[in-house]
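The structure appears right after this line, and notes come after that.
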DNA sequence: CTAGTTAGTGTTAACTATACACATAGTATC
DNA sequence: GATACTATGTGTATAGTTAACACTAACTAG
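Residue numbers (this note's numbering), protein chains in the order written: chain A, 1 to 229; chain B, 1001 to 1229.
Written out as structure tokens, the structure is:
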């Protein structure tokens, strides 16, 4: 095989460029939400897409992902994990570009101010269940991110990145139920969580019109392999 | 942040180029081997490295991985899976390049003829345990590949891609023991394998100086999630 | 003080994983 | 052809884990 053949429009890019696309999840109002942007220009104008951008020459791929997150949601210290690289030739119809996708988790959206950039018309949270057609191959990326999140929820303590500093066990169980999309048994859930020794007591709820729950916090947020289910 | 700043030597690549690196495993003489090449030129001359190459503009990333495999080992229909993308700025000291790594498994090296290319001095199998310093960040890639293989061995039927068409249960158990690096109980192993209903009988061994084993083959080589251990 | 709401708590049964030892079917050798 | 050698092939009992299940407790609102 030789270098020069086919696809004249691609010829100017001797090798392919690379970009990062982000799947940023947060639990909002009892639903799993993901951050989406509305495209302002050209081939997907007006359509929704995952946020992302080109990798610059002076930054590593991980740094690019973190920079993009910082630009969009204004924070730095959240869980970030590389997912998969999507490399079909025509995934972007205008130029050849490889997308390295990342998963990020936000534990609390209260202080998050979304920032749009020149390139986007709008940026917003959207419940994952309500996402329909996205631009590019972003539905595939989102699906991949969801399946990764589900499996890590089962065999790691990743849930700590989706809960605020202090939380009740009911909240924690709710997060599991939302993401795994099935009911869990309350007593078995609590037994399991306690047996894993991941959390410590942190006071109790106040001002609720029913029995207040005990609050807990994670002993550590370091990712660990634990059999949750 | 602006596009043009720092690192003059990188400036000519407005965005980073991408390449594929391959971790090709095979069981040879009761050991897990990986395919390595010896570098012919420049920064890592004479050192060992994983085989790989640039992604061309007219091929997808997956196609690139398959082409590279075809070029090196001459075959097409083997198990291939993307692993992870390594994107540190200086991972290749000469230019900025992102490596998308792939895992490939060869079930039988009997008919494999290794082909070197102009770029390499040599290509050879090497037992994973005997691999020392590799060029670039290839030790890290190899380590990642090994851990992926181990975990897939535990929760999928991936072992079918490391066994010849017909095999004995002892052989199969040996592959697990080699990769997981621990002894397994023969009776429990067999019980498990039979209960998963993955294999069917396929004759018996001949010409061995001891009780001949029954041979089996996989009902399907399609990757399935099964709790092996 | 009653109703409403969510929190919190143990036990049993079914299933799964683990530990463990000896007889069998061949070949090679004397 | 008897014996030694070698790797194959097989079952059971115990410990541990998972899954199913319903009622009392603590608080607020009216």
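For every residue, glycine included, the Cβ atom is placed at its ideal position computed from N, Cα and C.
Alpha-carbon spacing of residue i relative to residue j, whole angstroms
i	j	result
residue 24 of chain A	residue 1207 of chain B	60 Å
residue 1115 of chain B	residue 86 of chain A	29 Å
residue 251 of chain A	residue 38 of chain A	This structure cannot speak to residue 251 of chain A, because chain A is shown only from 1 to 229.
residue 1117 of chain B	residue 110 of chain A	57 Å
residue 6 of chain A	residue 1097 of chain B	Its pLDDT being 40, under 50, residue 6 of chain A is placed unreliably by the model, and nothing is read from it.
residue 1099 of chain B	residue 18 of chain A	11 Å
residue 48 of chain A	residue 62 of chain A	24 Å
residue 1052 of chain B	residue 198 of chain A	42 Å
residue 1189 of chain B	residue 1200 of chain B	16 Å
residue 123 of chain A	residue 59 of chain A	24 Å
residue 173 of chain A	residue 1050 of chain B	44 Å
residue 134 of chain A	residue 1143 of chain B	35 Å
residue 256 of chain A	residue 136 of chain A	One cannot answer for residue 256 of chain A here, as it falls past the ends of chain A, which runs 1 to 229.
residue 82 of chain A	residue 108 of chain A	21 Å
residue 71 of chain A	residue 211 of chain A	41 Å
residue 1102 of chain B	residue 222 of chain A	27 Å
residue 78 of chain A	residue 1036 of chain B	37 Å
residue 1150 of chain B	residue 214 of chain A	40 Å
residue 1180 of chain B	residue 1068 of chain B	28 Å
residue 1176 of chain B	residue 1183 of chain B	9 Å
residue 1139 of chain B	residue 224 of chain A	23 Å
residue 76 of chain A	residue 125 of chain A	18 Å
residue 209 of chain A	residue 1191 of chain B	55 Å
residue 127 of chain A	residue 178 of chain A	11 Å
residue 145 of chain A	residue 29 of chain A	20 Å
residue 164 of chain A	residue 1129 of chain B	44 Å
residue 1080 of chain B	residue 66 of chain A	30 Å
residue 155 of chain A	residue 1154 of chain B	13 Å
residue 132 of chain A	residue 1064 of chain B	31 Å
residue 204 of chain A	residue 216 of chain A	8 Å
residue 106 of chain A	residue 44 of chain A	27 Å
residue 202 of chain A	residue 1090 of chain B	44 Å
Per-residue DSSP class, three states only, for residue i
i	result
residue 146 of chain A	helix
residue 214 of chain A	strand
residue 1159 of chain B	helix
residue 19 of chain A	strand
residue 1134 of chain B	strand
residue 1121 of chain B	strand
Reference residue i; option with closest CA among the options
i	options	result
residue 1032 of chain B	B/1194, B/1096, B/1162	B/1162
residue 220 of chain A	A/103, A/205, A/203, A/196	A/196
residue 1152 of chain B	B/1030, B/1067, B/1227	B/1227
residue 34 of chain A	A/176, A/141, A/192	A/141
residue 186 of chain A	A/128, A/198, A/168, A/45	A/168
residue 1027 of chain B	B/1074, B/1104, B/1050	B/1104
residue 1046 of chain B	B/1082, B/1121, B/1030, B/1159	B/1121
residue 1021 of chain B	B/1078, B/1055, B/1090, B/1165	B/1055
residue 1095 of chain B	A/147, A/183, A/57	A/57
residue 218 of chain A	A/93, A/166, A/178, A/90	A/166
residue 92 of chain A	A/191, A/183, A/42, A/148	A/42
residue 229 of chain A	A/203, A/164, A/131, A/159	A/159
residue 147 of chain A	A/125, A/84, A/184, A/164	A/84
residue 193 of chain A	A/69, A/181, A/170, A/178	A/170
residue 40 of chain A	A/69, A/119, A/76	A/119
residue 113 of chain A	A/74, A/164, A/205	A/74
**OP:** Would you list, in sequence order, the uninterrupted alpha helix (DSSP H) runs of no fewer than 4 residues that lie entirely inside the stretch 26 to 112 of chain A?
**Re:** 61 to 73
**OP:** Closer than 7 Å, Cβ to Cβ, to anything on chain B: give me those residues from the stretch 87 to 111 of chain A, in chain order.
**Re:** 87, 88, 89, 96, 98, 100
Original post:
What alpha helix (DSSP H) runs, 4 residues minimum, are completely inside the stretch 168 to 204 of chain A?
Top reply: 169 to 180, 186 to 196
**OP:** Mind checking the stretch 30 to 63 of chain A against chain B and listing, in chain order, the residues whose C-beta falls within less than 8 Å of any C-beta there?
**Re:** 54, 55, 56, 57, 58, 59, 60, 61, 62
Subject >> chain A contacts made by the stretch 1142 to 1158 of chain B, where a contact means CB separation under 8 Å >> reply: none
Original post:
Of the residues that make up the stretch 1196 to 1224 of chain B, which ones have a beta carbon closer than 9 Å to any beta carbon in chain A?
Top reply: Residues passing the 9 Å Cβ filter: none.
**OP:** For the stretch 1074 to 1085 of chain B, enumerate the residues whose C-beta is nearer than 7 Å to any C-beta of chain A, in chain order.
**Re:** Flagged, chain order: 1082, 1084, 1085.
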